[in-house]
Amino acid sequence: MTAQKQLTPRATRFSSTHICEIAGPTMAPVRGRIANISASGMLVEQSCPISIGDVIHVAIPGNGDVPGTIVRRKDGNIAIKFFAKIDIAAFCQATKIAA
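Just so we're aligned, residue 205 is where the sequence shown starts under the numbering used here, counting upward by one.
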């Protein structure tokens with residue numbers, strides 16, 4: 205009998221159309237549209253030359269400059285996991301998205 209893996213619940217995601225700026229030590233700053241965002245990460249429409257595992261920082265309304273890492277690239281999107289949870293209520297307030 206195998207032990208079942210405990211699943212971590214997904215954070216609530218919010219759809220967005222706002223633009224963010226992403227930069228890192230190995231890349232020039234680029235802008236992309238936030239497709240969705242949660243307290244723990246975001247999906248950005250951007251096909252810049254960046255690799256999974258790259259450390260970046262992203263300017264997020266209501267939260268300032270947030271460090272994270274690239275965890276997925278697919279179909280012109282990049283997924284970013286933040287190193288620490290952001291204040292999603294501050295993002296929603298800054299961008300006028302209903303929380």
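Think of the CB as a built atom: it goes at the ideal place given N, C-alpha and C, for glycine as much as any other residue.
Check	Outcome
Among the residues of its own chain, which have a CB less than 6 Å from the CB of Phe-218, if the five just before and after it don't count?	Ile-241, Ile-301
Ala-294: which of Ile-256, Gly-266, His-222 sits nearest, CA to CA?	Gly-266
May I have the straight-line CA-CA distance separating Val-275 from Glu-249, to the nearest angstrom?	14 Å
What residue range is occupied by the uninterrupted beta strand (DSSP E) comprising Cys-224?	223-228
Please state the DSSP three-state secondary structure of Phe-295.	helix
Of the choices Gly-272, Ile-290, Thr-216, whose alpha-carbon is the least far from that of Ile-256?	Gly-272
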